[in-house]
Structures are given as C-alpha cells and as structure tokens.
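In my numbering, the protein residues as written are 6 to 369.
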C-alpha cells in the first residue's frame, strides 16, 4: 500500500460526512482480520480522536463480520446510552489476504448498510484534492485483544476506545430472528450431520459460539474456523473451486473415501457476508438458495412470521426468486449488482429478503 493511502481515504470519509456523524459520535472499527488490519485499526483510532470522534468500538482482536458490524451499528447500546453512527469495515470481501494480496476498507452508515452513492461520490471527490489529514500521533497503540474501555483526555475532550466481544451482539440478534430451539434439536441430533467451513475468515469467530455452544453441533463439524491474516494461504471465496475440503466432505469430490457425507454443508467468505450451501452430494446455486429462503421464510423464520414486505435480486441472478414472488404475491424488484441498491429498498420498507449471483443473501 502506498504511504498515507489509508490515512487519505479515512480523512476523506470524515470530510464527506456531516459534522454530527463525526464530532462527538460513536464509530465502529473492525474487519475480517486480514493482513494489515491490526495496523489499520490503530491508525483509524488515532485519526478518529484527532477528528473529534467521542468513542470507538472495536470487536475483540479487531474481528467483526460485515453482518455483525451492521448488527452492532443498529442494535448495540453503550453503557452511557451511546449508539454508533457508522463504521469503518476492514475487508476485501472474498479476495485473498497477505503481504502481497488484497486489503480493503469500506464505510457503513447509521442504518447498518453501505454508504450510498451521495457519500461515496463525496469521498472520491475529496480524495482528489486532500492535502492533509488529522491524526493524534501521541496516542499509544491499544491492545485490541483485551476486552475493556480505555479513556483518554485531550483538547477535543474525553475519547474512549472500547474493545468488546465480537460475537455477543450478533448471537443475540440471531436468536431474535431464528428458532434456535428447533435448530438446536436438529443440529444436536446424531442422525443429522452438519458441516461449516469458515475458510479461515472472520466467520470462524462466530462458528463455535453459534453452532456448538448455542445449537449443540459437534466441534468436529467446523472446518477452518480459526481466523488468519492470510486465510491459511487460501482464497476465501465460497465456491466449488476454492472450498475443496468441504466439497470433498459433502461427497461432491472425485473420491467418496471420507464416508457418508453430512446432510447439510455451508461455507462463508472472508468477511462472512457471502455463503455457499451444499446438500449431500449436491450443490445449491445461490440463485436457488435465496428463492428457497423466501419461499419458506414465513413458516420457518419467526422474524418473518407476520409476512414479507417484498423480495429482490440482482440482474444477473436467475429468475427462481421471480417465480416465488409471483406464487406468494409478493412485491418483486430487480436491481443492478451492488448491495447499496438492496439497502435503498430495505430503507424504504419495500424488501425483506434479497440475494445476488455472487453467493450473497440478506434479510431485514
């Protein structure tokens, strides 16, 4: 990365936001744990202090999945009643990580979704003219592995950095959406074999708390669930090409020497906002998976028991969801590729479930 590149982007983001979203605000800073994330978090903390941010929330070890960041922004309340107004997410999604691989950063707004075009355009324009950035260089680096609050005084007033458990807020939200009792009965049953592959991405930080501790699955059902800066040297893209270990275990490989495959398998990408679903000896395309979820949501997911507002898909995604929407008499939307377009529909209260061709699904 070029010198000061990260700093210029972060400062341009601060410059593009309205003053009340920066000065005195609470921001989240975390990501998928890829190479350079820990250094970037320290830089952003110091820049936030210099720009008048009141407090920073960081997931333990700098780890928060992209869906978990959204949950933290929307659901988490600080001990003083504070709420986050946005987040810097350090991820390059499904791209590889390491000293010679990809690093990325994006900004999410107070609704938990990606910054809209009006903000990203301002950020871009600012990057073309920026000639300085603010940073509190005297602020010490923090131990982001230790849960707790560190407070600093300064000319801008008190500045707090809180390190919190990466999984707790997300687990709480999931329990309010899904029927954990029914899922526990299924996953803890010896007759139902299950397998999840985190590809050494941030999804591994949630696998044991959810699948093992909450739902009773065997820990042996988890693959590659230790987050690593280089994703274990692999490519954290959940598809049949890169998820070879899970594919083999599910009986889709050339050899079935591993015994009887599990009934259900899934994998997540680096920041755990994309997923691949497999059944015993078969692959579920993402176009079908979002349609299946929508078709069964009202009966199977308590959060949707009162009905769906509508469904949406990206233009390259197949028309399976269209058929479901027509059958269930739901509002249906087709949008260009890009999650910000789904976010616009959700903010307008028009869409409950959406999905796209690159193994992504989302619900509101």
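Glycine included, C-beta positions come from ideal geometry on N, C-alpha and C.
Since we're looking at a predicted model, the values are computed, not measured.
One alpha carbon belongs to residue 13, the other to residue 135, and they sit about 7 Å apart. Secondary structure within the region 250-326: the beta strand (DSSP E) runs of 3 or more consecutive residues, fully enclosed, are 269-273, 280-284, 287-289 and 316-319 (chain order). Taking all protein chains in view, the Cβ of residue 286 is surrounded by fewer than 16 other Cβ atoms within 10 Å, so the residue is classified as exposed.
Annotation: the continuous alpha helix (DSSP H) that includes residue 79 extends over 71-80.
DSSP links residue 112 through a beta bridge to 93.
Its Cα nearest to that of residue 335, the residue 317 stands out among 322, 176 and 317. Residue range 10-21 is occupied by the alpha helix (DSSP H) that includes residue 17. The beta carbons of residue 295 and residue 360 sit about 3 Å from each other, so the pair counts as a contact at 8 Å. Counting along the chain, the unbroken beta strand (DSSP E) around residue 156 starts and ends at 153-157. Distance check between residue 58 and each of 225, 25, 42 and 75 places 25 closest, using alpha-carbon atoms only. Annotation: the continuous beta strand (DSSP E) that includes residue 168 extends over 164-169. Between residue 138 and residue 16, the beta carbon gap of about 4 Å places them in contact (Cβ cut-off 8 Å). Each residue's CA atom was taken as its position, placing residue 34 and residue 333 some 40 Å apart. The region 119-129 makes no contact with the region 59-69: fewer than 3 CB pairs, one atom from each, lie closer than 8 Å.
The continuous beta strand (DSSP E) containing residue 340 extends over residues 337-340. DSSP, read as helix, strand or coil, puts residue 219 in helix. Taking the Cβ atoms as the reference, residue 207 lies roughly 5 Å from residue 70, within the contact range of under 8 Å.
Here residue 130 carries a helix assignment [DSSP, helix/strand/coil]. Counting every other CB atom within 10 Å of its CB across the protein chains shown gives residue 10 a total below 16, marking it as exposed. When only Cα atoms are considered, residue 78 and residue 90 end up about 7 Å apart.
Inclusion of residue 213 and residue 230 in the CB contact set at 8 Å is warranted, their separation being smaller than that value.
Of all alpha-carbon atoms in 326, 280 and 301, the one lying nearest the alpha-carbon of residue 293 is that of 326.
Note on geometry: alpha-carbon atoms of residue 103 and residue 44 lie some 13 Å from one another.
DSSP places residue 64 within a strand segment (E or B) once states are collapsed to three. The C-alpha of residue 210 lies about 13 Å from the C-alpha of residue 274.
With respect to the C-alpha of residue 118, the residue from 268, 324, 344 and 282 having the closest C-alpha is 344. Ranked by how close their Cα comes to the Cα of residue 163, the residues 108, 236, 95 and 30 have 30 in first place. Relative to the Cα of residue 60, the nearest Cα in the group 157, 40, 145 and 120 belongs to 157. The Cβ neighbour count for residue 197, taken over all protein chains shown within 10 Å, is under 16; the residue is labelled exposed. Partner residues in the beta bridge of residue 202, as assigned by DSSP, are 228 and 272.
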